[in-house]
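Data block below; observations after.
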Amino acid sequence: MSLRVRRLTTPIMLLAVWEGTARAGVLAPDKLPPPSAVLEAAWRLSRDGTLGTSLLDSLQRAVLGLLIGGTLALVLGSVAGLLRAGDDLVDPTVQAARMLPHLGLVPLLIIWLGIGESLKVTLVALGAFFPIYLNTYAGIRDIDERLVEAARTCGLTWSERVRHVVLPGAMPSLFLGLRLAFAAGWLSLVVGEQVNGQSGLGFMMMEAREFSQTEVVVLGLLVYALLGLLSDLALRMGERRLLTWRRGLQAA
Amino acid sequence: MATRTASRLVEAARVRRSFGGTVVLDGVDLAIDRGEVVALLGASGSGKSTLLRILAGLDGEASGNVSVPASRAVVFQEHRLLPWKRVAANVTLGVRTKNAASRTAAALAEVGLADRGDAWPAELSGGQSQRVAIARALIRQPELLLLDEPFGALDALNRLKMQALFSRLRAVHEFAALLVTHDVDEAILLSDRLLVLDDGHIIESIDVDLDHPRAVDTPGFATLRRRLLTLLRVPAAPDEALS
């Protein structure tokens with residue numbers, strides 16, 4: 001039995017048991033419908049466009065939130081990492097703010113922003129901000145000072161040193177931050193979309209719950225998971241392309 | 253102004269540097285002529301590297317008068333190549349002339365790595381990496397080469413090869429060099445003058461009048477070696493160990 005087959009055995013068996021027990025009536029259909037029903041719901045909702053629009057709406061929030069939170073985190077992380085004054089002005093405050101569980105801010109954010117789009121985007125941005133900030137900062141701080149010094153003896157100016165030494169050196173850490181940010185972003189989106197919504201995957205799930213369409217709720221969950229998986233894969237591909245130099249390092 | 257001959261390249265006077273309360277350099281005077289290779293010896297912690305860093309412009313907190321040429325390059329004990337740049341890009345780093353690519357190729361060829369320009373630093377051996385570091389210094393066509401125990405991290409065989417390479421490059425490029433080393437043999441083999449740093453001062457300057465090419469069995473080598481070891485307060489080794 002090849003490794004691939006062996007690894008697939010358990011999930012396939014679980015699916016089979018799930019399908020079998022659901023059909024045999026051991027699992028109540030309104031608690032957990034069989035996988036076939038979930039697939040059927042996927043097919044139905046894809047055809048009438050519900051799934052597509054919901055997905056697009058959710059994606060839009062995720063991308064917007066990640067962009068806003070990520071950009072802010074990159075800028076502040078770089079300022080704190082590169083400049084001593086920036087470090088003093090930014091880092092202690094961010095480190096303190098990090099202690100607030102950002103999902104716990106939902107009630108306050110509802111008071112400030114209402115329950116519309118800006119609440120959801122803000123939650124994603126907050127979720128993405130901290131991992132990217134922390135890893136940008138740490139990545140810059142952990143640069144080998146000796147390399148910076150060598151670059152100085154080669155006549156590189158401050159901005160050239162940032163470009164050729166600091167940024168590429170901080171890249172691996174930045175990628176780690178991005179992956180954590182994606183995970184936190186999706187989580188924030190899930191939470192945000194359950195607070196009243198008129199569109200998106202979360203809305204689709206909440207609406208289905210009201211009509212006891214459990215298969216649609218399960219489908220929504222699966223789509224969330226798939227989105228997380230795909231974004232992580234994309235990041236890992238980008239990482240492999242941008243960090244080719246590390247392969248030699250690992251082999252050595 | 254101190255008197256200054258036309259051939260004088262480096263002039264440092266009353267250089268002082270302390271870390272916390274510890275005075276490491278206590279008024280060091282140093283001069284290096286054009287094309288002259290000077291070895292700087294001293295026990296570890298004697299401030300050899302500190303002095304080199306001051307000449308390299310990497311230490312902003314030293315006092316005293318230091319005059320060094322702008323055209324200088326540094327080779328450190330570790331190669332300090334940027335792992336995310338290929339070998340050729342590492343060599344070219346900071347070179348702003350138009351023919352940078354051909355100069356890089358030439359510099360790599362000179363250190364025997366003409367075909368490794370596309371490699372990542374992580375793919376090189378320790379000796380090869382150090383050769384690239386030397387190529388990175390050479391491409392700048394420095395008047396002054398500052399070497400901080402450049403072969404100290406290499407195995408004995410590689411060290412011998414690198415010493416030969418250094419002599420060859422020196423004959424071609426006629427740079428002046430300050431070679432910080434703890435290897436007495438290396439210092440005698442490669443330099444025109446030996447300086448011994450002790451207790452914050454240069455306590456001895458010895459001209460090396462041995463013929464080139466030198467080897468450890470060159471007449472006069474052993475005598476010089478013994479004299480240096482005494483200055484470095486190393487108990488005299490049995491003479492048999494020298495041959």
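If you read the sequences in order, they're chains A and B.
Using my numbering, read the first sequence as starting at 1 and increasing by one per residue.
Using my numbering, read the second sequence as starting at 253 and increasing by one per residue.
The beta-carbon is built from N, C-alpha and C at its ideal position, and this holds for glycine as well.
Values in this document were obtained by computation on a predicted structure and should not be read as measured data.
Chain-ordered chain B contacts of residue i [CB-CB under 7 Å]
i               : result
V165 of chain A : L334
P168 of chain A : W336
Residue span of the alpha helix (DSSP H) that contains residue i, given as start and end
i               : result
D57 of chain A  : T50 to L82
S46 of chain A  : P35 to R47
I284 of chain B : Careful: I284 of chain B lies outside any alpha helix (DSSP H), inside the beta strand (DSSP E) at T274 to D285.
V218 of chain A : T214 to L242
L345 of chain B : It is not in any alpha helix (DSSP H) - L345 of chain B carries neither H nor E in the DSSP assignment.
A405 of chain B : A405 of chain B -> no alpha helix (DSSP H), and no H or E assigned at all.
L32 of chain A  : Per DSSP, L32 of chain A belongs to no alpha helix (DSSP H) and is neither H nor E.
L201 of chain A : L201 to E210
Opening and closing residue of the beta strand (DSSP E) in which residue i lies
i               : result
G312 of chain B : Neither: G312 of chain B is in no beta strand (DSSP E) and is coded neither H nor E.
E263 of chain B : R260 to F271
A291 of chain B : V289 to G294
A22 of chain A  : First-last for A22 of chain A: L3 to R23, but that is the alpha helix (DSSP H), not the beta strand (DSSP E).
R305 of chain B : Where R305 of chain B is concerned, there is no enclosing beta strand (DSSP E), although the alpha helix (DSSP H) it sits in stretches over K300 to L307.
R338 of chain B : Looking at the DSSP string, R338 of chain B is not in any beta strand (DSSP E), and its letter there is neither H nor E.
A28 of chain A  : First-last for A28 of chain A: undefined, no H or E at that position.
A325 of chain B : R324 to V327
T397 of chain B : Note that residue 397 of chain B is Leu in the sequence shown, not Thr. Taken as a continuous stretch (DSSP letters only), the beta strand (DSSP E) holding L397 of chain B covers L396 to D400.
Within chain A, partners of residue i - CB distance below 8 Å
i               : result
F271 of chain B : Those do not exist, as F271 of chain B stays about 16 Å from chain A at its closest Cβ, beyond 8 Å.
E330 of chain B : R146
V384 of chain B : Neighbours of V384 of chain B on chain A: none; closest Cβ ~12 Å, over 8 Å.
V326 of chain B : A150 and T153
R388 of chain B : C154
Proximal chain A residues relative to residue i, where beta-carbon distance stays under 9 Å
i               : result
A291 of chain B : Neighbours of A291 of chain B on chain A: none; closest Cβ ~20 Å, over 9 Å.
Any non-hydrogen atom of the ligand SAH within 7 Å of residue i CB
i               : result
A183 of chain A : The ligand SAH is absent from the structure shown, which contains no ligands of any kind.
Proximal residues, the region 139–162 of chain A versus chain B, C-beta separation under 8 Å: Those residues of the region 139–162 of chain A placed with their C-beta closer than 8 Å to a C-beta in chain B are R146, L147, E149, A150, A151, R152, T153, C154, G155, L156 and E160, ordered along the chain.
Within the region 352–389 of chain B, ranges of the alpha helix (DSSP H) (whole runs, at least 4 residues): If we require 4 residues or more, the alpha helix (DSSP H) runs fully inside the region 352–389 of chain B come out as 352–362.
Length-filtered (4 minimum) alpha helix (DSSP H) runs lying within the region 122–192 of chain A: Qualifying alpha helix (DSSP H) stretches, in chain order: 145–153 and 158–161.
Near-chain A residues of the region 366–377 of chain B - C-beta to any C-beta below 7 Å: Listed by position, the residues of the region 366–377 of chain B near chain A (Cβ gap below 7 Å) are W372, A374 and E375.
Meets three-Cβ-pair contact criterion under 8 Å: the region 308–317 of chain B and the region 460–473 of chain B: By the Cβ test, the region 308–317 of chain B is not in contact with the region 460–473 of chain B, since fewer than three Cβ pairs between them sit closer than 8 Å.
Whole beta strand (DSSP E) elements within the region 419–490 of chain B, 3-residue minimum: Assignment of beta strand (DSSP E) within the region 419–490 of chain B, counting only whole runs of 3 or more residues, yields 428–432, 445–450 and 453–459 in chain order.
Segment contact flag, the region 347–355 of chain B with the region 376–387 of chain B, C-beta cutoff 8 Å, min 3 pairs: A contact is defined here as three or more CB-CB pairs under 8 Å, and the region 347–355 of chain B fails this definition with respect to the region 376–387 of chain B.
Positions along the region 233–247 of chain A whose CB lies within less than 7 Å of some CB in chain B: For the region 233–247 of chain A, which is checked against every Cβ of chain B, the residues closer than 7 Å are W245.
Segments of 4+ residues assigned as alpha helix (DSSP H) that fall wholly inside the region 87–126 of chain A: The qualifying runs are 106–113.
Meets three-Cβ-pair contact criterion under 8 Å: the region 86–93 of chain A and the region 28–42 of chain A: Taking a cut-off of 8 Å for Cβ pairs, the region 86–93 of chain A and the region 28–42 of chain A do not touch, as fewer than three such pairs fall below it.
Cβ contact check for the region 99–119 of chain A and the region 142–162 of chain A: 3 or more pairs under 8 Å: Too few Cβ pairs lie closer than 8 Å, so no.
contact_flag[the region 411–430 of chain B, the region 270–278 of chain B] where n(CB pairs < 8 Å) is 3 or more: Touching, no, given that fewer than three Cβ pairs across the two stretches are closer than 8 Å.
The region 39–56 of chain A / the region 118–133 of chain A touching (three or more Cβ pairs under 8 Å): Contact fails: fewer than three Cβ-Cβ distances are below 8 Å.
Validate contact between the region 295–304 of chain B and the region 368–382 of chain B using beta carbons, cut 8 Å, 3 pairs: Between the region 295–304 of chain B and the region 368–382 of chain B there are fewer than three inter-stretch CB-CB distances shorter than 8 Å, so the stretches are not counted as touching.
Interface residues of the region 337–354 of chain B facing chain A [CB-CB below 7 Å]: Result list: L345 and G346.
Contact between the region 333–340 of chain B and the region 396–412 of chain B (3+ Cβ pairs under 8 Å): The region 333–340 of chain B vs the region 396–412 of chain B: no contact.
Against chain A: residues of the region 393–405 of chain B by CB proximity under 7 Å: Listed by position, the residues of the region 393–405 of chain B near chain A (Cβ gap below 7 Å) amount to none.
Three or more C-beta pairs below 8 Å linking the region 287–297 of chain B and the region 441–448 of chain B: By the criterion of at least three beta-carbon pairs nearer than 8 Å, the region 287–297 of chain B is in contact with the region 441–448 of chain B.
Selection of the region 410–433 of chain B by Cβ proximity to chain A, strictly under 8 Å: Within the region 410–433 of chain B, no residue qualifies.
Members of the region 301–322 of chain B that neighbour chain A once the beta carbon cut-off is set at 7 Å: For the region 301–322 of chain B, which is checked against every Cβ of chain A, the residues closer than 7 Å are A308 and L310.
Touching by the beta-carbon criterion (3+ pairs, under 8 Å), the region 392–403 of chain B and the region 429–438 of chain B: Under the 8 Å Cβ criterion, the region 392–403 of chain B counts as touching the region 429–438 of chain B, having at least three qualifying pairs.
The region 65–84 of chain A / the region 119–139 of chain A touching (three or more Cβ pairs under 8 Å): Yes: at least three Cβ pairs fall under 8 Å.
Cβ contact check for the region 207–215 of chain A and the region 135–154 of chain A: 3 or more pairs under 8 Å: At 8 Å Cβ cutoff, the stretches do not touch.
At least three beta-carbon pairs within less than 8 Å, the region 218–227 of chain A to the region 237–248 of chain A: Counting Cβ pairs under 8 Å, fewer than three are found: no touch.
Three-pair Cβ contact test at 8 Å for the region 166–173 of chain A versus the region 133–144 of chain A: Cβ pair count under 8 Å is three or more, so yes.
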